[in-house]
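Sequence positions in the sequence shown follow mature numbering (1 follows the signal peptide of the UniProt record, and there is no 0) and run -23 to -1, 1 to 131. Built from N, CA and C at the ideal position, the CB exists for glycine as well.
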Amino acid sequence: MLAGSLMLAGCAAAVPLTPATNATDVACADVIVHLPSTVADQASRETNAQATGAWGDPAAVLLHCGVTVPAPTTLPCLNINGIDWIEDDSDAPTYRYTTYGRDPAIEIVIDSAAVSGSTALIDVANAVGYVPATSACVGAEDVQLPTDGATTAP
């Protein structure tokens, strides 16, 4: 019975994805070879696109390396295990997280109805760390605003 189950598992179709614009960036190869076999207790799946990853059946976590590097934004930024992630919840319960301060950027799409977003981000942090950080998120409290130094003559 177990052998038959393993054979069926090996026949699962690849998750159809489209590669990101900069999927051929050499740093993406380092990320992909270091991806974990499970994310948020979901087993990895084969994908049909370069520099991508998927976990779960149906896929609950999708990863694309080589997405457009995000510009400064007012979206929330989370630091999880040393990785800054911009959180886009506009399609909740599907959340989109994009690395901030790393080039190439990495995007993870998580079905939060199926898995914990924070657990998924923790699980991929080691692989994502192969793209070095060049900047970090800042909040309003981190920015020094100019003061009005103008004086008026008496």
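Exposed or buried, which one is residue i when buried takes at least 16 other CB atoms within 10 Å?
i, result
"residue 10", "exposed"
"residue 23", "exposed"
"residue 17", "buried"
"residue -9", "buried"
"residue 69", "exposed"
"residue 121", "exposed"
"residue 3", "exposed"
"residue 75", "buried"
Span of the beta strand (DSSP E) holding residue i?
i, result
"residue 36", "First-last for residue 36: undefined, no H or E at that position."
"residue 29", "29 to 32"
Locate the alpha helix (DSSP H) running through residue i, then write down its first and last residues.
i, result
"residue 6", "3 to 10"
In terms of DSSP beta bridges, what is residue i paired with?
i, result
"residue 15", "20"
"residue 46", "In the DSSP output, where bridge partners are listed per residue, residue 46 has none listed."
Would you say the beta carbon of residue i comes nearer than 7 angstroms to a heavy atom of the ligand ATP?
i, result
"residue 69", "Here there are no bound small molecules, and the ligand ATP is not part of this structure."
* Asked: What are the complete alpha helix (DSSP H) segments, minimum 4 residues, inside the segment 49 to 122?
  -> Unbroken alpha helix (DSSP H) stretches of 4 residues or longer found wholly inside the segment 49 to 122: 94 to 105, given in chain order.
* Examine the Cβ distances between the segment -11 to -2 and the segment 39 to 53 and report whether three or more of them are shorter than 8 angstroms. => Yes, the segment -11 to -2 touches the segment 39 to 53.
* Asked: Do the segment 23 to 32 and the segment 56 to 69 touch if we need at least three Cβ pairs shorter than 8 angstroms?
  -> No, the segment 23 to 32 is not in contact with the segment 56 to 69.
* To do: Tell me, please, whether the segment 78 to 89 touches the segment 107 to 114 by the rule of three or more beta-carbon pairs shorter than 8 angstroms.
  => Output reads yes: the segment 107 to 114 touches the segment 78 to 89.
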